[in-house]
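Written out below as structure tokens is the structure these notes cover.
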Amino acid sequence: MAGLLAAAVLAEVFDHVTVVERDRLPPDAAPRRGVPQGRHVHVLLSRGAKAIDELLPGLLAELTRAGGVTVANLNRMSLEFGGHLLCQDDAESDPTHLQTRPFLEGHVLRRVRGLSRTTTLDGHDVVDLLWDREGGRVVGATVVPRSSPGEPRRLSADLVVVATGRSGRVGAWLRQHGYDEPKEEELAIDLVYVSRLVRMDRALTRGRDAVVVSANPERPTGVAALRQEDDLWVVSVEGFAGHHPPTDPDAWLEMAVRLAPPDLAPAIRGAVMVTDLSAHRFPANLWRRFDKLDRFPEGLLVTGDAVCSFNPVYGQGMTVAALEALALRDSLRGGTRDLATRFFKRAAKPVRLAWQSAVGGDLSMPPEVVPGPRPLPVRAVNAYLDHYLEAAEHDAEMAWSFLKVTGFDEPTRALFTPHALRRIAASRRHGAEEHALVGAEGQGRG
Numbered sequence: 001m002a003g004l005l006a007a008a009v010l011a012e013v014f015d016h017v018t019v020v021e022r023d024r025l026p027p028d029a030a031p032r033r034g035v036p037q038g039r040h041v042h043v044l045l046s047r048g049a050k051a052i053d054e055l056l057p058g059l060l061a062e063l064t065r066a067g068g069v070t071v072a073n074l075n076r077m078s079l080e081f082g083g084h085l086l087c088q089d090d091a092e093s094d095p096t097h098l099q100t101r102p103f104l105e106g107h108v109l110r111r112v113r114g115l116s117r118t119t120t121l122d123g124h125d126v127v128d129l130l131w132d133r134e135g136g137r138v139v140g141a142t143v144v145p146r147s148s149p150g151e152p153r154r155l156s157a158d159l160v161v162v163a164t165g166r167s168g169r170v171g172a173w174l175r176q177h178g179y180d181e182p183k184e185e186e187l188a189i190d191l192v193y194v195s196r197l198v199r200m201d202r203a204l205t206r207g208r209d210a211v212v213v214s215a216n217p218e219r220p221t222g223v224a225a226l227r228q229e230d231d232l233w234v235v236s237v238e239g240f241a242g243h244h245p246p247t248d249p250d251a252w253l254e255m256a257v258r259l260a261p262p263d264l265a266p267a268i269r270g271a272v273m274v275t276d277l278s279a280h281r282f283p284a285n286l287w288r289r290f291d292k293l294d295r296f297p298e299g300l301l302v303t304g305d306a307v308c309s310f311n312p313v314y315g316q317g318m319t320v321a322a323l324e325a326l327a328l329r330d331s332l333r334g335g336t337r338d339l340a341t342r343f344f345k346r347a348a349k350p351v352r353l354a355w356q357s358a359v360g361g362d363l364s365m366p367p368e369v370v371p372g373p374r375p376l377p378v379r380a381v382n383a384y385l386d387h388y389l390e391a392a393e394h395d396a397e398m399a400w401s402f403l404k405v406t407g408f409d410e411p412t413r414a415l416f417t418p419h420a421l422r423r424i425a426a427s428r429r430h431g432a433e434e435h436a437l438v439g440a441e442g443q444g445r446g
């Protein structure tokens, strides 16, 4: 996704853009080896959807016409975060787009392939970069076919954008030519999630399209069930270190039913299993700080998971990739001179927001589950968010504000306004009054 969206931007500026992909790309939407997380829950957050629609106008309407699901009302969602079920009133806001990853990627791929300046070279590996004689500029890449032995092919380019995922090949390429590798920030979480597509009785889902029960400090496991195109559902069960979900079908089903809201359990238990179980392991949040390098070659950029990859249960990856593509567009408006410095600085803004959110959420787990220091600011923010989410159980405005912040539509500070503080205080007073009333009634009966 990061590479395709970058290609859409590059096609606005350069005469010809070649997308090199190691997989053979299927003609229709289908999971593929190079996207091991593709069979699992994916969410296109609100800001990410808008960014993609800005890059590829009309794509969201195309997704909806083809069967993609949009959900924009709290009463069509059951979202539990940190042990707090968000308000489920009849309250609408910007839609969230739900579809399988192959479905979304297939539509994006067709749009990018349809651009007059783009060419796709699939089934090829990029094995090295091409450099000028002075070693200060990247001038292309060497690629080789994967399906059969073949001669390396040299592709000349004015700009090479690396979107190769978590692999650390860029650092090795830099080191070989006298550049420093980026420093890495990492938080190990050892997350595993196990998923499958199912078909559920619509009558038993009670009109909901999205169900999320996130892990919390008392229970480092969670489940998500999202309605997809063709009226399929993807159900994912996840767990942190020491709490991994089973891959045995019966045990997996029992865990999914146990974690789901009680009124959805019959729908999951009675579902028709459409695909086999797929497991994916995510070892750690990882941020390579290209934005802090003093020197970087001209003619080279890095984007997507090759820069930063986050705990996937927060659904931030595709949105950050889209925002990085917008950062690339903005950076290219200033020309190509010193492009990397300007791009990495712009791209670091959405990356930082996602990183702080993901790492902060993971550090709410017990230290024996997610090891690592918990600075006072992280503990304070997590404690505040617990109070915020408690208020959002009954306050639709606060629930939507939380979803807009986590969906990148509003800045984080929107959760910390005086207005939010007053609503939290009012909620806590109301809760205390109810507790006192129950206590008084109990005393009277005694």
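In the UniProt record's numbering, the protein residues as written are 1 to 446. For every residue, glycine included, the Cβ atom is placed at its ideal position computed from N, Cα and C. Just so you know, these numbers come straight off a predicted model, no measurement behind them.
Give me the Cα-Cα distance between residue i and residue j, rounded to the nearest whole angstrom.
i	j	result
Gln88	Leu44	21 Å
Ala309	Ala420	It should be pointed out that residue 309 corresponds to Ser in this sequence rather than to Ala. Between Ser309 and Ala420, the C-alpha separation is close to 31 Å.
Val194	His40	8 Å
Met1	Thr119	16 Å
Leu277	Arg196	5 Å
Ala396	Ala91	7 Å
Val351	Thr341	15 Å
Asp294	Gly334	20 Å
Val19	Arg146	15 Å
Glu151	Leu55	35 Å
Arg154	Ala141	6 Å
Gly95	Trp233	Checking the sequence, you will find Pro at residue 95 rather than Gly. Going by the C-alpha atoms only, they are around 18 Å apart.
Gly239	Val313	10 Å
Gly34	Leu129	21 Å
Trp173	Trp131	10 Å
Bridge partners for residue i per DSSP, in chain order?
i	result
Ala225	Val211 and Val235
Ala279	Val194
Met273	Val198
Met77	Ala210
Val20	Leu121
residue 447	Given that the chain is displayed from residue 1 to residue 446, the structure contains no residue 447 and the question cannot be resolved.
Glu298	Arg137
Trp287	Glu185 and Cys308
Asp128	Thr142
Leu44	His97
Asn216	Arg219
Thr70	His97
Taking 8 Å as the threshold (C-beta atoms), are residue j and residue i in contact?
i	j	result
Ile52	Ala322	yes
Pro266	Met255	no
Val126	Val143	yes
Leu98	Val69	yes
His430	Gln37	no
Ala163	Val139	no
Gly304	Gly82	no
Gly136	Pro297	yes
Ala290	Pro182	Sequence check: residue 290 is Phe here, not Ala. Yes.
Glu324	Ala347	yes
Lys402	Tyr388	Before going further, note that residue 402 is Phe rather than Lys in the sequence given. For Phe402 and Tyr388, yes; Cβs fall inside 8 Å.
Glu80	Val212	yes
Ala251	Met200	no
By alpha-carbon positions, which one of the options ends up nearest to residue i?
i	options	result
Val370	Leu376, Pro377, Val359 and Ala380	Val359
Thr116	Phe343, Arg206 and Val9	The question names Thr, but residue 116 in the sequence shown is Ser. Looking at the Cα atoms, Val9 is the closest of the given residues.
Glu186	Asp248, Leu286, Val274 and Arg374	Leu286
Asn73	Leu79, Arg428 and Ser93	Ser93
Ala260	Tyr388, Gly114, Ser236 and Gly335	Ser236
Leu301	Glu181, Ala426, Phe343 and Gln316	Phe343
Pro411	Ala7, Arg22 and Arg47	Arg47
Leu25	His124, Pro95, Leu159 and Arg208	His124
Leu59	Ala392, Gly106 and Ala30	Gly106
Met318	Val108, Val257, Val160 and Gly299	Val108
Leu191	Gly242, Glu324, Pro57 and Arg202	Gly242
Met365	Ala188, Leu130, Thr96 and Ala66	Ala188
Arg428	Lys404, Ala392, Asp132 and Pro95	Ala392
Phe408	Glu238, Val234, Val320 and Val71	Val320
Arg202	Lys292, Glu12, Pro373 and Leu264	Leu264
Arg337	Leu159, Gly67 and Ser78	Leu159
Asp386	Leu86, Gly207 and Arg113	Leu86
Arg111	Asp122, Leu63 and Leu253	Leu63
residue 449	Ala225, Ala210, Arg288 and Trp400	Not covered by the structure: residue 449. The range shown for the chain is 1 to 446.
So, is residue i buried or exposed, given that buried needs 16 or more other C-beta atoms within 10 angstroms?
i	result
Lys349	exposed
Arg445	Bear in mind that the predicted position of Arg445 carries a pLDDT of just 42, short of 50, making it unreliable; the figure below should be weighed with that in mind. Result: exposed.
Glu184	exposed
Asp231	exposed
Thr417	exposed
Val274	exposed
Gln228	buried
Asp28	exposed
Arg133	exposed
State yes or no: is the C-beta of residue i nearer than 7 Å to some heavy atom of the ligand ZN?
i	result
Arg227	This structure simply doesn't include the ligand ZN, nor any ligand for that matter.
Consider the Cβ of residue i: report whether some Cβ of chain D lies at a distance smaller than 8 Å.
i	result
Ala380	Going by chain labels, chain D is absent from the structure shown, which holds only one protein chain.
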